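Last residue of the sequence shown: 1346 in the working numbering, with the numbers rising by one and none dropped. Glycine included, C-beta positions come from ideal geometry on N, C-alpha and C. Owing to the predicted nature of the structure, the values given are computational and were not obtained by experimental measurement. What follows is one structure encoded as structure tokens, with my remarks underneath.
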Amino acid sequence: MSDKDILNDILFITKAECDLYMHGTIEASSPNVHETFKNVLLETIAIQHETYKTMENKGWYQAEQVQKQKIEQTKQKLANS
């Protein structure tokens, strides 16, 4: 397995973990559980970001560049909702 494949797997897994921890955070009924999920979520977000930046720097992951017009259209759509 190549370094690119390993990082791609880590990126995929951390994205899924962020989703789970986010739901755990918002659904937690006690402050301690809420805080625990929130802390783990923030740590996982940091790992995901580091992984993404490493892949981007190596040219293994390219984020799509969105035209400013599309951004403005989306902002207008959300503002009118």
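Alpha-carbon to alpha-carbon, residue 1329 and residue 1268: 22 Å
DSSP state of residue 1330 mapped onto helix, strand, coil: coil
Chain-order list of residues whose beta-carbon lies under 8 Å from that of residue 1316 (same chain, five-residue window excluded): 1272, 1275, 1276, 1279
DSSP three-state assignment for residue 1324, whether helix, strand or coil: coil
Assumed close pair residue 1283, residue 1332 - CB separation to whole angstroms, cut-off 8 Å: With a Cβ gap of about 27 Å, residue 1283 and residue 1332 do not count as contacting.
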